[in-house]
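Visitor: Residue numbers (UniProt numbering): 1 to 338. To start, I am sharing the structure in question, which I have written as structure tokens.
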Ligand code: BTN
């Protein structure tokens with residue numbers, strides 16, 4: 001590890017505390033000049049490091065740059081050093097994760113970006129991914145032999161993300177089937193699950209679980225078409241202080257999402273997360289509209305949505321609906337509105 005990253009690792013582990021240049025130099029067995037050079041480089045990259053006379057350096061509590069060194073101290077699983085990758089800019093973390101999976105990356109690998117230039121959403125839509133205010137991450141997961149599990153991963157992931165948000169911020173979120181996460185009536189997180197299939201056998205080899213969270217995305221910055229729908233966990237760093245707790249960083253939340261996803265994924269078949277999903281669902285018992293897909297017979301016309309009542313979530317995460325004629329059905333994918 002370079003001196004710069006070693007310094008960052010120590011500063012992240014002691015975030016908010018001061019450590020002298022001498023201590024750093026002795027610990028890393030390098031010169032004071034090398035420490036100063038590393039601090040200068042880190043500051044240039046945007047890390048907020050205070051230099052306090054006669055005391056040393058301190059990575060400030062409100063520093064919110066995403067880094068491997070900032071994520072690792074909060075992870076529960078051991079041996080994640082080689083599995084967490086942070087980039088400044090990617091087209092899409094899902095795309096990079098897919099390529100890495102095809103190149104043999106181990107399950108549990110996580111790809112994170114500070115910004116995405118072509119963030120992908122469900123149904124071929126794009127996902128607004130501005131720099132420095134969101135969390136854009138993709139996990140490479142192994143679905144096991146049962147392909148049905150890959151459907152469950154999507155449902156489980158929304159519970160995992162809600163639990164992670166609740167743990168780190170104390171904010172209770174709700175789920176709109178299938179896996180959109182809402183806070184105070186606004187969508188703050190979207191999840192896109194994609195399969196990586198073996199070219200020859202056609203088997204699903206990996207699942208790429210892509211998670212996008214608006215962390216401090218400013219209201220005004222959302223594109224016009226999202227302004228009424230999208231929200232953010234916090235609106236500016238000031239909000240973090242107002243919670244009265246310690247500053248919450250994106251590194252912490254990323255790590256907690258990884259912890260929750262890996263833990264729930266180990267136990268997918270027990271379906272123990274289904275009751276937790278139902279508890280957080282805000283569609284159950286409500287009148288909904290089911291969007292219909294454009295089929296070849298409908299030409300370019302968008303078919304009208306079908307009204308129904310959301311009755312239950314089945315053990316595979318499917319949405320049980322009752323139509324106006326009294327008949328029932330289970331939806332396994334698609335989109336609804338309320
Ligand atoms: C949706 O709400 O339509 C799903 C959005 C999923 C966005 C995330 S951000 C990280 C990952 N990379 C992508 O390109 N998309 C997912």
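Just so it is clear, CB atoms sit at the ideal spot from N, CA and C, and this is done for glycine as well. Bear in mind the structure is a predicted one, so any value in this text is a computation, not a measurement.
With respect to the alpha helix (DSSP H) encompassing residue 43, which residues constitute its N-terminal and C-terminal limits?
Guide: Here the alpha helix (DSSP H) through residue 43 covers 32 to 44.
Visitor: Should residue 79 be listed as close to ligand 1, given that the test is whether its C-beta is under 7 angstroms from any heavy atom?
Guide: Not so, every heavy atom of ligand 1 lies at least 7 angstroms from the Cβ.
Visitor: Along the beta strand (DSSP E) that carries residue 308, what are the first and last residues, could you check?
Guide: First-last of the beta strand (DSSP E) with residue 308: 306 to 313.
Visitor: For ligand 1, any of its heavy atoms closer than 7 angstroms to the Cβ of residue 128?
Guide: No, since every heavy atom of ligand 1 falls outside the 7 angstroms radius drawn around the Cβ of residue 128.
Visitor: Compute the beta-carbon to beta-carbon distance between residue 310 and residue 283, rounded to the nearest angstrom, for a pair I have assumed lies under 8 angstroms.
Guide: The pair is a contact, with the Cβ atoms about 4 angstroms apart (cut-off 8 angstroms).
Visitor: Excluding five sequence neighbours on each side, which residues of the same chain lie with their C-beta closer than 6 angstroms to the C-beta of residue 70?
Guide: 12 and 251.
Visitor: Between residue 20 and the rest of its own chain, which residues show a CB-CB distance below 7 angstroms, the 5 nearest in sequence each way excluded?
Guide: Here the set comprises 55 and 56.
Visitor: Apply the 10 Å Cβ neighbour rule to residue 114 and answer buried if 16 or more other Cβ atoms are within range, or exposed otherwise.
Guide: By the 10 Å Cβ count, residue 114 comes out buried.
Visitor: Which same chain residues end up closer than 6 angstroms to residue 281 when comparing Cβ atoms and leaving out the 5 residues on each side of it in sequence?
Guide: Around residue 281: 175.
Visitor: Under 6 angstroms Cβ to Cβ from residue 276, same chain only, skipping five residues before and after it: list those, please.
Guide: Excluding residues within five positions, the ones whose Cβ falls inside 6 angstroms are 159.
Visitor: CA-CA distance, residue 78 and residue 72?
Guide: Their backbone Cα atoms lie some 9 angstroms apart in a straight line.
Visitor: In chain order, what residues of the same chain lie with their CB nearer than 6 angstroms to the CB of residue 312, ignoring the 5 residues before and after it?
Guide: For residue 312, where only same-chain residues beyond five positions count, the Cβ hits under 6 angstroms are 320.
Visitor: Counting C-beta neighbours from all protein chains within 10 Å, is the total for residue 294 16 or more, i.e. buried, or is it exposed?
Guide: Per the 10 Å Cβ criterion, exposed.
Visitor: First and last residue of the alpha helix (DSSP H) that includes residue 192?
Guide: Where residue 192 is concerned, there is no enclosing alpha helix (DSSP H), although the beta strand (DSSP E) it sits in stretches over 186 to 197.
Visitor: Quick check: does the Cβ of residue 231 come within less than 7 angstroms of any heavy atom belonging to ligand 1?
Guide: The answer is no for residue 231.
Visitor: Which partner residues does residue 123 have in the DSSP bridge list?
Guide: Per DSSP, none; premise fails for residue 123.
Visitor: In this structure, how does DSSP classify residue 266 when only helix, strand and coil are distinguished?
Guide: The answer is helix: DSSP assigns residue 266 an H, G or I state.
Visitor: Between the C-alpha atoms of residue 183 and residue 338, what's the straight-line distance to the nearest angstrom?
Guide: Straight-line Cα distance between these residues: approximately 15 angstroms.
Visitor: Suppose the cutoff is 6 angstroms on Cβ atoms and the five residues either side in sequence are ignored; what does the same chain contact list for residue 61 look like?
Guide: For residue 61, where only same-chain residues beyond five positions count, the Cβ hits under 6 angstroms are 16 and 247.
Visitor: Hey, is residue 139 close to ligand 1, as in C-beta under 7 angstroms from one of its heavy atoms?
Guide: Because no heavy atom of ligand 1 lies under 7 angstroms away, the Cβ of residue 139 does not count as near it: no.
Visitor: Between the Cα of residue 86 and those of 66, 102, 100 and 193, spot the shortest distance and give me the residue it belongs to.
Guide: Among 66, 102, 100 and 193, the Cα nearest to that of residue 86 belongs to 66.
Visitor: Let me check you understand the geometry: is the CB of residue 92 closer than 7 angstroms to at least one non-hydrogen atom of ligand 1?
Guide: Yes, ligand 1 has a heavy atom inside 7 angstroms of this Cβ.
Visitor: Less than 8 angstroms between the beta carbons of residue 332 and residue 84, yes or no?
Guide: Against a cut-off of 8 angstroms, the Cβ pair of residue 84 and residue 332 comes out as no contact.
Visitor: Among 2, 130 and 136, which has the Cα closest to the Cα of residue 110?
Guide: Measuring from the Cα of residue 110, the nearest candidate turns out to be 136.
Visitor: Between the Cα of residue 207 and the Cα atoms of 221, 225 and 108, which residue gives the shortest distance?
Guide: With distances taken between Cα atoms, residue 207 lies closest to 108.
Visitor: Which residues mark the beginning and the end of the alpha helix (DSSP H) in which residue 94 is found?
Guide: Where residue 94 is concerned, the enclosing alpha helix (DSSP H) stretches over 93 to 102.
Visitor: Distance, Cα to Cα, residue 75 vs residue 226?
Guide: For residue 75 and residue 226, the distance between alpha carbons rounds to 33 angstroms.
Visitor: Would you mind giving the Cβ-Cβ distance between residue 336 and residue 274, rounded to the nearest angstrom? I have them listed as a contact below 8 angstroms.
Guide: Incorrect: roughly 18 angstroms between the Cβ atoms, too far for contact.
Visitor: Where residue 193 and residue 91 are concerned, what is the direct C-alpha to C-alpha distance, given to the nearest angstrom?
Guide: Rounded to the nearest angstrom, the two C-alpha atoms are 17 angstroms apart.
Visitor: Any idea if residue 262 is buried or exposed, counting beta-carbon neighbours within 10 angstroms, 16 or more meaning buried?
Guide: Result: buried.
Visitor: For residue 9, does the three-state DSSP call read helix, strand or coil?
Guide: DSSP places residue 9 in helix when its eight states are reduced to three.
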